[in-house]
Amino acid sequence: RKLVLAAVSRSGAALAHASEALRSDRDVVMTALRRDPMALGFAAPSLQADREVVLVAVHSCGQALQHASEALRNDPEVVLAAMSNSWRALEHASEELRNDPAFVLTAVQAHGSALFYASPDLQGNRETVLAAVRQSGWALSCASEELRS
Numbered sequence: 001r002k003l004v005l006a007a008v009s010r011s012g013a014a015l016a017h018a019s020e021a022l023r024s025d026r027d028v029v030m031t032a033l034r035r036d037p038m039a040l041g042f043a044a045p046s047l048q049a050d051r052e053v054v055l056v057a058v059h060s061c062g063q064a065l066q067h068a069s070e071a072l073r074n075d076p077e078v079v080l081a082a083m084s085n086s087w088r089a090l091e092h093a094s095e096e097l098r099n100d101p102a103f104v105l106t107a108v109q110a111h112g113s114a115l116f117y118a119s120p121d122l123q124g125n126r127e128t129v130l131a132a133v134r135q136s137g138w139a140l141s142c143a144s145e146e147l148r149s
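Residue 145 in full-length UniProt numbering sits at position 145 of the sequence shown, with consecutive numbering throughout.
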């Protein structure tokens, strides 16, 4: 354990070479995540489903959301935390959230570019697109052809 802790404190990716038992060890994984949030991909599934562990990772790197459990990729608070530093994190949110008008509206009001990862239905929703382009003119490129006409 001591050796693995030393390794992951220098390189979070070293978690990939740890035993299954140590990839399930909360302290070892948290140490790895502080060094490299993407090390969440090497953590045991039980820790990829641990809200606190996932929040540590996504607060530092929104793209770490891709390694979270399905349930946490469907958790609005976790997804918004991931989006706080990368609008692209919406790509890894559940299909249900990417189809949720209220959630996507909140997301595009903060990061208009997130419209890129919204469902096609919401890319054609006037209210959603208007909120997105008010935040980022680039979002117009993600709007449905009908709304761009």
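Glycine included, every Cβ here is placed at the ideal spot set by N, Cα and C.
Cβ of Ala-68 within 8 Å of Cβ of Val-78? yes
Three-way DSSP call (helix, strand, coil) for Cys-142 in this model: Secondary structure at Cys-142: helix, using DSSP grouped into helix, strand and coil.
Give me the residue from Arg-34, Ala-43, Asp-27, Arg-26 with the minimum Cα distance to Leu-15. Ala-43
Spatial neighbours of Asn-125 within its chain, please: CB distance less than 7 Å, with the 5 preceding and 5 following residues excluded, ordered by chain position. Pro-101
Start-end ranges of the alpha helix (DSSP H) lying completely within the segment 47-121, minimum 4 residues: 51-60, 70-73, 76-83, 95-98, 101-110
Which term fits His-92, buried or exposed, when burial requires 16 or more other beta carbons within 10 angstroms of its beta carbon? buried
First and last residue of the alpha helix (DSSP H) that includes Ser-149? Per DSSP, Ser-149 is not a residue of any alpha helix (DSSP H), being assigned neither H nor E.
Going by DSSP in three states, Gly-137 sits in which element: helix, strand or coil? Three-state DSSP puts Gly-137 in a helix.
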